[in-house]
Amino acid sequence: MVKNIIDTLKNQGANPDLSQINLIEKLCKMNISKKFSFKKVFTKDNLLGTYIWGDVGRGKTLITKTYLKELKRDDIKSFHYIDLMSYIHDQLNKNSGVKNPLSKISKTLTTDTSIIFIDEFQVEDVADAMIIGDLLKLISGHGTKIILTSNAHPNDLYLDGLQRQKFLASLKIFLENVNIHKLDGDIDYRTRNIIKFDEHDSNKIISDVEISNFIIDNFGLDQQKSDQISINDRKFTCKLVSNNILWIEFNDFFRKATGSKDYTYISNKFDWVFISNFKKNNDDSIDVIRRFISFIDITYTNRTKIKFFFNDIDIENIYTGSKIENLWVRCKSRLSEMRTQEYLTNN
């Protein structure tokens, strides 16, 4: 199985390093049998699952999803942490009159389920912190293995959070009985792949299908999660939005009444922003350029990572007017810098 996973990753352009191969081997050794009693759950020879942590872009999600796919099982559930907790709180509200509602919810989650994968585990909300430890224990108690990925070591979860000691106490038994694995290394493979995607021919016309497949492969997405985004209580169409990435079209998004507050929201929320479908603009569409310049000013200041798909549109020709030429000169300079390896790898 290890070889199959490595070959699959190589075919996706991700040649695993030694640290990543070590993780693959650890995952493949995990006993996912559900045939054990509750008394046997908390034993060192039958761990509850794996907690994988490490820097952004090291391949935690991609490797885990490739491993799960290789298992060829239909009893595996995958959640982004934010989506899982949204579901849990929704179910708690629906079961407000039920005794031990979390127990009931965990039983529903684990029915006919061998593994639950929770991606980007990062506890920040006190409401989540007060229930997540009990939830993980209940899931494990039903014999379902748990795989978590996170950017933080377990000891660094929920730092400075309200009632943190209670949170740590609730997680203690679970964390003592999982394999905690750090994915070492300082190469951000995701950023490297994004930089290399069209570096040999920046004017190559790249189709939406190619962009979509590239994003899904590099961010470990099973599918496009949504084509609509809510920003400051308003709905906007987009090409793709997930929990940490956004793909918008220049010729759509910046033609709408957006402003600095919206751009700040995007910059703060998303790790990566992808922008395609650029068009030429003159002074007749000066508002579009003003919005785009404001967007670039804010994302540049916040050091947001952006991948621009200009295709056959030269940066010089995005704006060919004269009324705000001085602002556009500065914007062009920032656009050039934001495409460099130095900018993308140091943020």
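Quick note on UniProt numbering: the sequence shown kicks off at 1 and runs consecutively. All C-beta atoms, glycine included, are put in the ideal place defined by N, C-alpha and C.
Looking only at its chain, what residues have a beta carbon closer than 8 Å to the beta carbon of residue i, apart from the 5 residues adjacent to it on each side?
i	result
F278	F250, N251, F308, F309, F310, N311, I313, I318
I82	E120, N243
I323	For the record, residue 323 in the displayed sequence is Lys; it is not Ile. Closer than 8 Å at Cβ, skipping near neighbours: D283, I286.
E337	Y300, Y343
What residues in its chain sit with their C-beta under 6 Å from that of residue i, if we drop five residues either side in the sequence?
i	result
S78	F117
K289	In the sequence as presented, Lys is not what sits at residue 289; that position holds Ile. Here the set comprises N281, Y319.
K35	Note that K35 scores a pLDDT of 45, beneath 50, so its modelled location is shaky; the value from the coordinates is reported in the next line. Correct list: empty, nothing qualifies.
F167	A129, Y158
L175	P154
Measuring CA to CA, which of the options is closest to residue i?
i	options	result
N151	D55, N302, L68, Q341	D55
L138	D287, N100, L18	N100
P16	D125, Y87, T66, L136	T66
T50	R58, K69, M30	M30
G141	K305, I173, K26, I211	I173
K305	R164, K104, A127, R334	R334
V329	N11, T340, E316	E316
N22	S96, K10, I6, A127	I6
K26	V2, K72, D125	V2
So residue i is in the beta strand (DSSP E); what residue range does that whole segment cover?
i	result
I180	179-182
E249	245-249
H153	H153 -> no beta strand (DSSP E), and no H or E assigned at all.
With DSSP run on the structure shown, which of helix, strand or coil describes residue i?
i	result
I205	coil
I52	strand
D188	coil
K77	strand
Y319	strand
F308	strand
S226	coil
Please go through the same chain and pick out, in chain order, the residues whose beta-carbon is closer than 7 Å to the beta-carbon of residue i, but skip the five residues on each side of it.
i	result
T149	I52, K60, T61, T64, D119, E120, F121
G13	N193
L157	V123
G57	D188, Y189, R190, T191
So residue i and residue j are in contact, right, with Cβ under 8 Å, and what is the actual spacing, rounded?
i	j	result
I245	F270	6 Å
L109	I131	L109 to I131, Cβ: 13 Å. No contact.
Give a single yes or no on whether residue i has its beta carbon closer than 6 Å to a heavy atom of the ligand ADP.
i	result
I21	Looking for the ligand ADP in the displayed structure turns up nothing, as the structure carries no ligands at all.
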